[in-house]
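Enquirer: Once you know that position 264 of the sequence shown is 264 in full-length UniProt numbering, the rest is easy, because the numbers rise by one and skip nothing. Ideal Cβ placement from N, Cα and C applies to all residues, glycine included. Can you read through this structure? Questions will come right after.
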Amino acid sequence: DGVLPTCRRCAQRQEQCDRPEAKSKFVLYTPNSSLSRSHPPEIHHSNPVERHSHSAAQGTSNVEHNNLQVPDPINPRTDLGNQVVAGLLHHYIEHLAAWYDLCERDRPFELLVPIRALDLPVLFNAIIAFSAQHMTLSDSRYEVISTIYHSACIHGLLSGLSDFDPGLQEDYLVAACLLRSFEILKADSRQEQRHLLGAYRFSSTEEIDMISAGLLQAGAWNYLREEITVALECRRPVRLTINLDIRTVGPQPESMHANTITYILARVINYCFNRGSTNQQEDSNHDEWTSLKGDLTYWKEGLPTSYEPYSRASKEGNVFPSAWYLRPWHIAAAEYYLTAQTLLLLHNSDTVLDVKNVEGLCGIAYTNESKAARVNAFGPMAFYPKQREGLKQLLLTSSLEVGWPVHRILEDLETFWHR
């Protein structure tokens with residue numbers, strides 16, 4: 001209505017409120033989100049006619065939303081003519097790909113996936129949707145971009161699955177992984193996303209050789225880790241579609257041990273959260289518990305010395321026991337091992353929970369500043385109900401650093417603590 005609100009401070013001083021004309025500022029990608037908030041770069045656009053002509057030359061249809069141009073997805077190379085989209089791809093490469101390369105020595109999500117995405121719209125749209133959703137956590141203007149590219153990716157997935165090309169199996173699996181993270185960042189992970197589940201199941205219908213290394217295997221391991229994160233938060237079984245005999249695995253890359261404990265933890269979760277009625281045969285339950293406990297011991301005893309902490313020196317501000325590790329996959333492996341141990345102890349009436357496991361996991365997450373490993377720790381930390389203030393602070397600090405929604409985890413913890 002053109003009426004400006006009354007400035008309370010000026011009214012109290014009986015002064016005229018002088019409001020200078022606001023200058024438009026446009027925020028594009030910057031590697032440090034805190035810099036985006038404090039020193040947003042100014043972009044001086046030409047007049048609307050010139051902007052329209054430039055868009056037409058690119059072959060894109062742009063919709064302006066709060067000063068960010070939102071391109072309608074056409075194809076990756078055309079879309080990348082838009083500076084915002086180009087910045088989002090860069091954001092994925094520099095900051096988000098490491099989440100998926102947590103246990104991958106060859107870093108396929110950083111080095112290979114962006115190259116393949118340049119010629120595969122489904123994969124490209126998944127990357128931009130995920131990257132934009134991550135940026136939305138610090139700048140809400142990116143939400144429209146994330147929604148547009150998410151819808152385009154889902155449409156492409158469903159179309160592709162109706163006429164599936166086996167040569168694109170790994171690409172569809174990677175796209176499903178990226179969209180799973182999109183859902184987690186959007187705090188939709190507790191809802192049933194049937195299109196993603198269908199995409200994952202369809203792209204993994206052919207048995208995957210999990211002993212080998214490649215993008216297909218990396219996608220399968222990542223989807224399993226995402227399943228574990230949600231399963232621990234929701235106290236539900238994991239949708240486990242891979243098979244691995246850990247006792248027959250021959251010599252493997254050092255990082256493979258982290259994938260092996262991922263598989264063991266998934267089986268432990270299914271044992272603990274997929275229990276039937278009290279009429280189940282106790283002997284069968286005990287045999288399965290013993291088998292899982294034996295697998296944990298076998299895995300632990302077969303670890304290279306590089307998986308041990310290189311120091312336990314206290315880190316300033318850490319209320320938990322400190323433990324310093326060499327590589328991100330060492331951190332993830334230690335956290336998963338402690339989580340599996342704790343779950344088995346909680347689901348056996350003859351054993352007692354070792355609080356040191358709980359403190360140890362939180363200490364590992366606090367000591368080591370690998371953002372990829374901290375993302376991986378949110379599921380295990382959501383499961384642990386103890387160490388209130390230290391755990392709350394760790395969750396909040398980690399959430400700010402990596403852009404991960406923890407409000408539902410904190411709500412669950414508060415509910416547990418006050419019941």
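Which of the three DSSP states is assigned to Q69 in this structure?
Expert: DSSP places Q69 in strand when its eight states are reduced to three.
Enquirer: Round the Cβ separation of L185 and Q133 to the nearest angstrom and send it over; I've been treating them as touching at under 8 Å.
Expert: Right, the Cβ-Cβ distance comes to about 5 Å (below 8 Å), so this counts as a contact.
Enquirer: Contact check, E335 vs L296 under 8 Å by CB: the rounded distance?
Expert: Not really, about 14 Å apart at Cβ, beyond 8 Å.
Enquirer: Taking the C-alpha atoms as reference points, what is the distance between L345 and T78?
Expert: Approximately 55 Å, taken between the alpha carbons.
Enquirer: Which value, in whole angstroms, describes the spacing of the CA atoms of Y100 and C234?
Expert: About 22 Å.
Enquirer: Please name the residue in R239, A340 and S322 whose C-alpha comes closest to that of E369.
Expert: Checked all of R239, A340 and S322; the closest Cα to E369 is S322.
Enquirer: For Y337 and L265, what's the separation of their Cα atoms in angstroms?
Expert: Distance between the alpha carbons of Y337 and L265 is about 7 Å.
Enquirer: So what does W324 bridge to, in DSSP terms?
Expert: BP columns for W324 point to S311.
Enquirer: For the structure I just gave you, are there three or more beta carbon pairs, one from the segment 159–173 and one from the segment 79–93, closer than 8 Å?
Expert: At 8 Å Cβ cutoff, the stretches do not touch.
Enquirer: Excluding the 5 residues preceding and the 5 following N222 in the sequence, name in chain order all residues of the same chain whose CB lies nearer than 6 Å to its CB.
Expert: Only Y100 and C177 meet the Cβ criterion.
Enquirer: Could you name each continuous alpha helix (DSSP H) segment of 4 residues or more that falls completely within the segment 220–268, going from the start of the chain to the end?
Expert: Listed in chain order, nothing qualifies, since the segment 220–268 has no complete alpha helix (DSSP H) run of 4 or more residues.
Enquirer: From L326 to G302, what distance separates their C-alpha atoms?
Expert: Going from the Cα of L326 to the Cα of G302 covers about 18 Å.
Enquirer: Okay, do the segment 151–159 and the segment 113–126 touch, 3+ Cβ pairs below 8 Å being the bar?
Expert: With a cut-off of 8 Å, the segment 113–126 and the segment 151–159 count as touching, because enough Cβ pairs lie within range.
Enquirer: In whole angstroms, what is the alpha-carbon distance linking S306 and D209?
Expert: Rounded to whole angstroms, S306 to D209 spans 26 Å at the Cα level.
Enquirer: Taking just the CA atoms, how far does T260 sit from S314?
Expert: Going from the Cα of S314 to the Cα of T260 covers about 29 Å.
Enquirer: Within the continuous alpha helix (DSSP H) that includes I115, where are the two ends?
Expert: Counting along the chain, the alpha helix (DSSP H) containing I115 begins and ends at V113 to A117.
Enquirer: Hey, would you say L216 sits closer than 8 Å to L179, going by beta carbons?
Expert: No. Outside cutoff.
Enquirer: Could you tell me the boundaries of the alpha helix (DSSP H) in which N75 lies?
Expert: Segment: none, N75 is in no alpha helix (DSSP H) and carries neither H nor E.
Enquirer: Could you check the C-alpha separation between N274 and R239 for me, to the nearest Å?
Expert: Between N274 and R239, the C-alpha separation is close to 11 Å.
Enquirer: Could you tell me if H286 is buried or exposed, where buried requires 16 or more neighbouring beta carbons within 10 angstroms of its beta carbon?
Expert: That one is exposed.
Enquirer: Report all residues from its chain with a CB closer than 6 Å to the CB of A109; omit the five preceding and five following residues, and keep chain order.
Expert: A small fix is needed here, since residue 109 is Phe in this sequence, not Ala. So the list reads A97, Y100 and D101, once near-sequence residues are dropped.
Enquirer: With a threshold of 16 other CB atoms inside 10 Å of the CB of L224, please say whether the residue is buried or exposed.
Expert: Buried, since its Cβ has 16 or more Cβ neighbours within 10 Å.
Enquirer: Let me know the secondary structure DSSP gives A213 once reduced to three states.
Expert: A213: coil per DSSP, three-state reduction.
Enquirer: A218 and E104 - do their beta-carbons sit closer together than 8 Å?
Expert: Yes. Within cutoff.
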